[in-house]
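> Okay, here's the structure, questions in a sec.
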Amino acid sequence: MTTGRSLIAVVAAATVTTGVTAADIHVPDDFPTIQAAIDAAVDGDQVLVSPGTYLEQIDLLGKAIRVEGVDGAAVTTIDAEGNGTA
């Protein structure tokens with residue numbers, strides 16, 4: 000029982016001391032384009048895109064981030080100009 004409590008204490012302390020928190024980055028409020036927001040993002044961040052059509056190609060640059068429409072995919076479109084990729 001003591002070992003279990005010690006392990007929980009160590010994990011909790013490690014979580015608190017890392018100081019890593021994910022950020023929400025808003026497009027277009029924080030950055031004018033989705034790619035600019037991705038460029039600024041770090042692993043764990045979330046890029047939240049306002050409704051509309053965005054004419055750009057995006058590259059996640061190997062980052063562990065989420066890109067999603069604030070109000071869902073039905074009202075948020077990334078048009079990669081017919082290149083077959085986004």
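For what it's worth, numbering that gives the first Met the number 0 labels the leading residue of the sequence shown as 0, then goes sequentially.
The C-beta atom is built at its ideal place from N, Cα and C for all residues, glycine as well.
(1) Nearest-angstrom Cα distance between Val41 and Ile33?
(2) On the DSSP bridge list, what partners appear for Val74?
(3) Quick one: give me the first and last residue of the alpha helix (DSSP H) that Gln86 is part of.
(4) Under a three-way DSSP split, which group does Ile33 fall into?
(5) Excluding five sequence neighbours on each side, which residues of the same chain lie with their C-beta closer than 6 Å to the C-beta of Gln56?
(6) Roughly how many angstroms lie between the CA atoms of Leu60 and Val26, to the nearest whole one?
(7) Any beta carbon from chain D within less than 9 Å of Pro27's own beta carbon?
Answer, in terms of the structure:
(1) 14 Å
(2) Its beta-bridge partners do not exist; DSSP assigns none.
(3) With the chain running from 0 to 85 in the structure shown, residue 86 is simply not present.
(4) Ile33: helix per DSSP, three-state reduction.
(5) Ala79
(6) Those two C-alpha atoms are separated by around 18 Å.
(7) Absent from the structure: chain D. Only one protein chain is present.
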